[in-house]
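Enquirer: Numbering-wise (the working numbering), the sequence shown opens with residue 96 and increments by one.
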Amino acid sequence: MDGKEHRWYMLTASLVPLFALGAAMVLAWNHIFGWTDVLVTVVMYVISGIGISTGYHRMLTHRSFETYKPIRVALATAGVLAGQGPPIIWAAHHRKHHRVADKEGDPHSPHLGFEPGFKGAMAGMWHAHLGWLFDEDLSSDPIRYCPDLVREKPLRWLSENFVAVVAAGVVLPGLLAFAITGGSVQALFTGMLWGGLVRIFLINHMTYAVNSIGHYFGRRRFTTTDHSRNVAWLALPSFGEAWHNNHHAFPRSARHGMKWYEVDLSAIFIWSLEKTRLAWKVIRIDTERMTMREAGVSRVSGTKLSQEELLVSQQRIAPMADRSRGGSDLSLVDVE
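1. Mapping DSSP to helix, strand and coil, what is Arg372?
2. Can you check whether the C-beta of Asp359 is within less than 8 Å of a C-beta belonging to chain C?
3. Would you call the stretch 328 to 343 in contact with the stretch 140 to 159, where contact means no fewer than 3 C-beta pairs closer than 8 Å?
4. Flag this pair as yes or no: are the beta carbons of His126 and Leu233 separated by less than 8 Å?
5. Name, in chain order, the residues that DSSP records as bridge partners for Trp338.
6. Provide the residue(s) that pair with Arg246 in DSSP beta bridges, ordered along the chain.
7. Can you tell me whether DSSP reads Glu199 as helix, strand or coil?
8. Roughly how many angstroms lie between the CA atoms of Glu383 and Glu389, to the nearest whole one?
9. Put Arg388 into one of helix, strand or coil per three-state DSSP.
10. Anyone know if the C-beta pair for Ala169 and Leu155 falls short of 8 Å?
11. Thinking just about the alpha-carbon of each residue, which of Asn340, Tyr356 and Ile363 is nearest to the one in Ala349?
12. Would you call the CB atoms of Gly290 and Ala272 closer than 8 Å?
13. By the three-class DSSP mapping on this structure, what secondary structure does Arg167 have?
14. Does the Cβ-Cβ distance between Asn340 and Arg316 come in under 8 Å?
15. Should His224 and Asn306 be called a contact, given that it needs their Cβ atoms to be closer than 8 Å?
16. Run the CB neighbour count on Ile308, radius 10 Å, all protein chains shown included, and call it buried at 16 or more, exposed below.
17. Do you know offhand how far Ser279's Cα is from Ile298's?
18. Could you tell me which whole alpha helix (DSSP H) segments of length 4 or greater appear in the stretch 243 to 290?
19. Mapping the DSSP letters down to three states, classify Gln410 as helix, strand or coil.
20. Figure out for me which residue from Ser367, Val137 and Thr285 has the closest Cα to the Cα of Val121.
21. If you count every other CB in all the chains shown that lies within 10 Å of the CB of Leu425, and 16 or more means buried, which is it?
22. Could you tell me the alpha carbon to alpha carbon distance between Ala115 and Val293, rounded to whole angstroms?
23. Run the CB neighbour count on Thr136, radius 10 Å, all protein chains shown included, and call it buried at 16 or more, exposed below.
24. Taking contact to mean at least 3 C-beta pairs separated by less than 8 Å, is the stretch 161 to 168 in contact with the stretch 128 to 142?
25. Find the nearest neighbour of Tyr104 within the set Leu228, Asp197, Glu199 and Thr131, judged by alpha-carbon distance.
26. For the alpha helix (DSSP H) containing Thr136, name the first residue and the last one.
27. For Ala218, which residues in the same chain have their Cβ closer than 6 Å to its Cβ, ignoring the five residues on either side in sequence?
28. Taking the straight line between their C-alpha atoms, what separation do you get for Leu176 and Gly144?
29. Quick check: Met220 and Pro202, are their CB atoms within less than 8 Å of each other?
30. By the 10 Å Cβ neighbour count, where 16 or more other Cβ atoms means buried, how is Ile295 classified, buried or exposed?
31. Check whether the Cβ atoms of Arg190 and Cys241 lie closer than 8 Å to each other.
32. Check Arg315 in the structure and name its three-state DSSP category.
33. Could you tell me the boundaries of the alpha helix (DSSP H) in which Val305 lies?
34. For Leu267, count the other beta carbons within 10 Å of its own beta carbon; 16 or more makes it buried, fewer makes it exposed. Which is it?
In structure tokens form, the structure reads like this:
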């Protein structure tokens with residue numbers, strides 16, 4: 096799915112949950128709302144949030160850890176439930192973003208092609224938040240950017256059938272609420288509304304906010320060649336994704352929250368998998384490397400570098416995956 100087909104899906108996936116939120120507010124105002132609605136919304140939010148943050152992002156896109164195939168498929172399926180698109184296409188867009196973050200070709204930079212001033216800033220924020228998903232010319236070739244994922248049959252199946260899986264994710268909380276309440280038809284309906292559609296609205300805008308707010312506002316701890324920033328207040332509901340400058344400094348790190356006080360729920364989840372021997376080869380960044388990067392210092396020369404000089408230095412000492420291999424057009428993109 097790409098281009099026009101992707102655009103129409105994203106329009107539907109954006110507008111239907113928005114209208115559902117309005118309907119849910121009206122029903123709640125009229126006391127058609129119960130504790131089961133809260134329960135199924137929280138449960139489904141956590142499942143789909145972990146699916147996007149841990150599954151789609153850290154596991155598939157950046158290969159931050161390895162796990163058993165059933166867990167890998169389960170995490171990818173949980174990511175599909177968020178309704179943000181097929182896993183292979185999602186990963187392709189994101190790898191392309193890391194290759195040229197905030198530069199020409201970045202699918203969702205808020206800084207490219209917008210006039211100076213408040214109006215341009217708002218237009219850029221809208222584009223990075225959601226507008227880019229409606230671009231008919233949007234293209235991130237999965238064969239080029241995700242050859243490793245394309246080879247996985249379960250991921251191909253999820254990508255080809257993701258609309259049906261998303262629909263099942265809307266029905267599932269309704270069935271759960273129906274069972275909990277002993278067969279209440281009202282609970283079935285409101286469970287689907289809150290745990291299905293409203294939950295999709297909430298989790299998606301948390302993700303989109305990382306792309307928009309996380310490249311405009313917040314603190315820059317590390318020297319990077321983009322405009323990524325850490326947004327502390329967004330970290331908890333985004334499962335740690337909002338430590339965005341940390342992530343752009345070390346894309347393959349399984350842990351985005353790199354200080355003890357930087358809450359990162361996905362990192363805790365991955366740590367739990369590792370401690371129970373369900374995950375291995377978990378990538379972490381040593382303190383010395385973080386300290387040198389924070390100071391903008393080359394690990395080779397020990398001298399302070401500009402952003403561009405730092406990027407060149409990193410490409411010399413690390414096998415950056417965005418560089419073509421043997422002249423081939425097929426490559427993995429900046430998952431290093």
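Glycine included, each C-beta is placed from N, C-alpha and C at the ideal position. Since the model is a prediction, treat every value here as computed from it, not as a measurement.
Expert: Well, looking at it:
1. Coil.
2. Among the chains of the structure shown, chain C does not appear; only one protein chain is present.
3. yes
4. Going by C-beta atoms, His126 is not nearer than 8 Å to Leu233.
5. Asn325
6. Arg246 is not bridged to any residue.
7. coil
8. One alpha carbon belongs to Glu383, the other to Glu389, and they sit about 10 Å apart.
9. helix
10. no
11. Ile363
12. Result yes, Cβ atoms of Gly290 and Ala272 sit closer than 8 Å.
13. helix
14. yes
15. yes
16. Per the 10 Å Cβ criterion, buried.
17. Distance between the alpha carbons of Ser279 and Ile298 is about 26 Å.
18. 248 to 255, 257 to 275 and 280 to 286
19. Note that Gln410 scores 44 on pLDDT, short of 50, meaning its location in the model is unreliable and no value can be drawn from it.
20. Thr285
21. Reliability of the predicted coordinates at Leu425 is poor, the pLDDT of 38 falling under 50, and the value obtained from them is presented with this limitation in mind. Under this definition Leu425 is an exposed residue.
22. 6 Å
23. buried
24. no
25. Leu228
26. Trp130 to Ile145
27. Phe209
28. 9 Å
29. Here Met220 is not near Pro202, since their CB atoms are 8 Å or more apart.
30. buried
31. yes
32. coil
33. Arg294 to Ser307
34. So Leu267 ends up on the buried side.
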